[in-house]
Amino acid sequence: MGRTEIPPGTLYMLILRSLDRLGPMHGYGIALHIQQMSDSVLQVEEGALYPALQRMLIKGWVKAEWGQTENNRRARYYKLTPAGRKQLTEEVSEFTRVMEAITRVIEPA
Amino acid sequence: MEGPGELWRRLLFLLGRSRFNREMEEEMRFHLESRAERNRAEGMNGDEAGFAARRQFGNAPLLEEKSREAWGWSGLDHLMQDVKFAIRSLRKNPFFVVVVVLTLAFGIGVNTAIFSAVNALLLNPYPFPQPDRILSVDARHISGKNSGTGHRVFLDWQQQNTVFDVMAITPERRGYTLTGAGEPQRMAGGLTTADFLRVLGVQPVLGRFFTAEEDSPGAAPVAVLTYATWRQRFGGDPAVLGRTMTLNARTFTVIGVLPRGFAFPGIETCEFFTALRESGSMDRNQHQYGVVARLKPGVTVEQAQSEMSTIARRLEQQYPATNTGWGVKVQPIGTALAEETGTLVGVLFAAVGFVLLLACVNVSGLLLARASSRTREIAIRTSLGAGRGRIVRQMLTETVLLSLSGGGVGILLAVWLMKVLRAAAPEELALDATLHLNPAVLAFTVAVSLLSGIVSGLAPAWSASGAEPNSILKEDGNAWSRARSRNRLMAWLVAGEVALAVILMAGAGLLMKSFAVALHVDTGLRVEHVLTFALNLPGAKYSSDARVSAFYGDLLERLKSSPGVEAAAGVMTLPMIPGMTGGAFQVEGRPKAPDWVDTLVQYNVSTPGYFGAMGIPILRGRDFNQQDNGTSLPVAIVNDALARQYFPNEDPIGHRYRDDYDGKWRTIVGVAANIQHQQPTKPPMPGVYAPHTQWPSNSMWVTVRGRGDAAQLTDTARTAVRERDHDLPLLNIRTMREVVADSLSESRLVASLLSGFAVFALLLATIGIYGIVDYSVRQRSREMGIRMALGATYGDVVALVVRKGALPAAAGVAVGVPAALAACGVIRAMLYGTGPRDLSVFVGVPALLLLVALGASYLPARRAAKVDSIAALRCE
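Protein chains in written order, with this note's numbering: chain A, 1 to 109; chain B, 1001 to 1876.
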């Protein structure tokens, strides 16, 4: 079924970056965006977004509001907060640092 | 890193929680529907598009729950859910609930009652500031045979020590007669020294305590009232200070009132306090008082002990005649009291602990049997995503709910038991004032209830939750091995239960046997038809020896000539009454023992006819008679124990001895048989009797022998005393049989409590064994059918089933007997007329338990063997 185990930290980063790029979005939108941007390499178990979003709400990285979609359906929209933006910068730089280190290790000599 | 904002958001969530589920559900539905639409747009057909969306999404209910859990309130939610679920599932099984609740109620109830007694006695008896700074300071003889402090040594300590702020003699309870206010009444006073209240750190609410000057021999008597006395006898009069009471014909002036609820162990019954007024000129050979002291700030108990030991050694050097061998023991008052009642309390606590453990084990067995009927329910819950921890928690919620209900019922039982304890406990423990339900006791009950719920629920919950749902739902062969593992657990439980029961029943058996022996021991007295009461002639009115002698001589004559009376006599110390008067004993012509404790004998005083009235044979010589008086030759009667110890090869009659009372040489004129003087269980000690005319004591016990029921003599006795002195109250009126029985009240209390526990243990073991055998029979009715169809006889099947109960019971006995032998060593000191390895107990108890195990297994076995094999095979 191609479920890719994503460490929780990375999932936060993906969500934060999606919201950062596209502005307020509902959960389904975030899932679609991650899937499209990664050319379907990253197949998140889509439901896993929701517990993660709740944890981010608690941390204060995002805010949630109910709104209307273009098809006039009710959906909960998530919006990045300043704290969330700060968190994103930290996570990205940390991730890049780790990735670069790993790349150095696995690169052929 | 939980910031304030985060906590705030969590709290807001808690308020809007009812909305949360709806919104979460809506949000996820939106997601699924949008994804399905997209799938359809990409060419999937209707159903497939929905399935694919759901597959991609994952377990929606589980994710919803995870989302909710993220907020950290799920513990609360689960608890509420579990409680609701537990109530629903328990409601279906009212019989099960009643059995479990009652079982636990008994276990928790007896624990609560005993804890409340311990709490009252040991843990919290002192509502004083800094109670750990209050020490008991006790003079102890090196031999361990004697302890207590005299006034003279108390003064030495007070003058020489630098470690205590203040010291005081603990109040000595003494009876007074109050006159001049209607009928003469008894009042109990506590005699103490000036600093007693300062030691405890208590202030009078009205007036003051007495001063050191008022505690000197010539000072006018003063009284400090307890709060209750002030309210009851003086109507709470705020102007009570300066009012007077006539006590023992002397005028006492009220100078103070103590705060409400003032209590100190041993003096709860005192109605007022007054000064001891001893001169301190007495010699150091006195050991009647207890001493308490308050430590100076910064001084440790060890420092105090070391300085007091130094003082004691100095006193030994200065006064070798009286102080040789006398040391000092310093310890917090709580510890001192614990030392006295330690074993008793320990044994009771251990016993109730066993009772509770037994109850828990039994409940475990019941739960295990019940769990077998719930395997499908649990399997379904597991396959719907409930983790093992969640299921265990759910089942524990059920047990804790049961155990808390048990605790509730148990408190009712405890309140009743406390009433019994208050009535039955020895008076000197003074439980009346302190043994009640209080917050500490309630907290204990709640804690014990929770704990016993968890203890009894854990094993069954763990075992039930571990099953593999697939095999259960498919009902394949694994069910068989699961039932086997449960059977094995139940067998363990039964074995444990039987082992516990053996220990409890053996202990109870030993104590009951001791009590039965003690009750029928030959005291050497003829207790039938004898009434006893005490008189205490007030010193002011009966100021001379002649008056005291005349009073008793006259009273006894009146009694003897009353109708229905065969004999009447007086004695200073009645047999079977706690406490004694004693001192040194020196035979004329032999050297005085270096240490008076070595020649300790009991002193007693009697009137002519006492031995006859009590049925004590005079072995040699004669009883006292009317010719023995204050001016005639000093004479004495010794008991057989003394005769054997001091005159092993000669006739004691004609020898002379000297005692501490007046130093006169007394000529031995008779030898009386030994009697049990302290308690039926204590060996007789050497004793001497002096005639009352030569040792006139104001306080005497009067014994009256009649022909019929001794209690009927009460009116005769009252009339005779009133005719002689209408202000004199009769104290402690009891038949001699009651006196003997009361001397055993403590052993009776312990024996009856423990036998109650033992009966309960037996009952639980029976239920437990019956339960496991019955359960295994139900599980195997089909197997039994097959066996019988294949030719097994009735006897074969019964034997097969009975083994299910008998084997674990035998294992329990095998473990329980050695454990009980070890445990019963602890109660050696409480036994009498038997040892901790009493054969009849250690054969009888296991035999009884095995018999019960066979009986409890036979009933279900018989049912199993009567199963119609065809019906059993068909029903599945």
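Glycine included, C-beta positions come from ideal geometry on N, C-alpha and C.
Straight-line gap, residue i to residue j (C-alpha atoms, nearest Å)
i         : j         : result
B:Asp1660 : B:Ala1822 : 46 Å
B:Lys1296 : B:Val1163 : 6 Å
B:Val1097 : B:Leu1831 : 40 Å
A:Gly2    : B:Ser1383 : At A:Gly2 the pLDDT is 46, less than 50, meaning the model places this residue with poor confidence; the figure from the coordinates comes in the next sentence. Cα to Cα, A:Gly2 sits roughly 23 Å from B:Ser1383.
B:Gly1785 : B:Asp1796 : 12 Å
B:Val1352 : B:Gly1346 : 10 Å
B:Asp1554 : B:Arg1547 : 10 Å
B:Gly1663 : B:Glu1316 : 24 Å
B:Arg1068 : A:Gln35   : 25 Å
B:Asn1487 : B:Gly1406 : 26 Å
B:Leu1032 : A:Glu46   : 10 Å
B:Ser1116 : B:Ile1333 : 19 Å
B:Gln1779 : B:Met1490 : 13 Å
B:Arg1294 : B:Leu1344 : 29 Å
B:Arg1558 : B:Ala1820 : 58 Å
B:Met1808 : B:Ala1516 : Per the sequence presented here, residue 1808 of chain B reads as Pro, with Met not at that position. Distance between the alpha carbons of B:Pro1808 and B:Ala1516 is about 33 Å.
B:Arg1863 : B:Met1080 : 42 Å
B:Arg1370 : B:Arg1010 : 40 Å
B:Ala1716 : B:Val1750 : What sits at residue 1716 of chain B in the sequence shown is Thr, not Ala. Using only the alpha carbons, I get a separation of about 37 Å.
8 Å contact criterion, which residue i and residue j should meet: CB distance rounded
i         : j         : result
B:Ser1138 : B:Val1291 : The sequence given here has Asp at residue 1138 of chain B, not Ser. Yes, they are in contact, since the Cβ atoms of B:Asp1138 and B:Val1291 sit about 7 Å apart, within 8 Å.
B:Pro1684 : B:Asn1639 : 7 Å
B:Ala1312 : B:Val1328 : 5 Å
B:Arg1040 : B:Gly1046 : 7 Å
B:Asn1604 : B:Met1572 : 6 Å
B:Gln1288 : B:Gly1148 : 5 Å
B:Ile1114 : B:Phe1273 : So it is not a contact: roughly 32 Å between Cβ atoms.
B:Ile1772 : B:Gly1805 : 6 Å
B:Val1702 : B:Gly1570 : 5 Å
B:Ile1391 : B:Arg1381 : 6 Å
Beta-carbon contacts of residue i that lie in its chain and below 6 Å, excluding the five residues immediately before and after
i         : result
B:Thr1735 : Leu1531, Ala1710 and Ala1711
B:Gly1496 : Val1361
B:Glu1214 : Val1222 and Ala1275
B:Tyr1770 : Ala1856
B:Thr1269 : Ala1188
A:Gln87   : Trp61
B:Gln1394 : Asp1082
CB contact check: residue i to chain E, cutoff 9 Å
i         : result
B:Glu1064 : The structure shown contains no chain E; the protein chains it does contain are A and B.
Beta-carbon spacing of residue i, residue j below 9 Å
i         : j         : result
B:Ile1675 : B:Tyr1657 : no
B:Ala1534 : B:Leu1730 : yes
B:Leu1357 : B:Gly1107 : yes
B:Leu1417 : B:Ala1761 : no
B:Leu1063 : B:Met1028 : yes
B:Ser1465 : B:Ile1378 : yes
B:Phe1611 : B:Asp1623 : yes
B:Leu1104 : B:Ser1463 : no
B:Ile1169 : B:His1151 : yes
B:Ala1518 : B:Gly1261 : no
B:Leu1525 : B:Thr1607 : no
B:Val1254 : B:Val1224 : yes
Other residues of its chain near residue i: CB distance less than 8 Å, five sequence neighbours each side excluded
i         : result
B:Leu1396 : Gly1453, Ile1454, Gly1457, Leu1458 and Ala1461
B:Gly1385 : Asn1059, Pro1061 and Leu1062
B:Ser1561 : none
Proximity test, residue i beta-carbon vs the ligand GDP heavy atom, cut-off 8 Å
i         : result
B:Asp1215 : Looking for the ligand GDP in the displayed structure turns up nothing, as the structure carries no ligands at all.
Cβ-based neighbour list, residue i, same chain, cut-off 7 Å, excluding 5 preceding and 5 following
i         : result
B:Val1845 : Val1502, Met1505, Ala1506 and Gly1509
B:Gln1158 : Met1167
B:Arg1748 : Phe1515
B:Val1881 : Lying outside 1001 to 1876, the shown extent of chain B, residue 1881 of chain B is not represented and no answer is given.
Return the residues of the segment 1027–1041 of chain B that lie within a Cβ-Cβ distance of less than 7 Å from chain A, sorted by chain order. Within the segment 1027–1041 of chain B, the qualifying residues are Glu1027, Met1028, Phe1030, His1031, Ser1034 and Arg1035.
Interface positions of the segment 1067–1080 of chain B facing chain A (Cβ-Cβ less than 9 Å), listed along the chain: Answer in chain order: Ser1067, Arg1068, Glu1069, Ala1070, Trp1071 and Gly1072.
Interfacial residues, the segment 71–90 of chain A to chain B, with Cβ spacing under 8 Å: Close to chain B, meaning a Cβ-Cβ distance shorter than 8 Å, are the following residues of the segment 71–90 of chain A: Arg73, Arg74, Ala75 and Arg76.
Using a Cβ cut-off of 9 Å, which residues of the segment 45–59 of chain A contact any Cβ in chain B, in chain order? Residues of the segment 45–59 of chain A with a C-beta atom less than 9 Å from some C-beta of chain B are Glu45, Glu46, Gly47, Ala48, Leu49, Tyr50, Pro51, Ala52, Leu53, Gln54, Arg55, Leu57, Ile58 and Lys59, listed in chain order.
Residues of the segment 1046–1062 of chain B whose Cβ lies closer than 8 Å to any Cβ of chain A, in chain order: Shown in chain order are the members of the segment 1046–1062 of chain B whose Cβ falls below 8 Å from a Cβ of chain A: Arg1055, Gln1056, Phe1057, Gly1058, Asn1059 and Ala1060.
Along the segment 14–30 of chain A, what residues have a CB closer than 8 Å to any CB found in chain B? Hits within the stretch, in order: His26, Gly27 and Tyr28.
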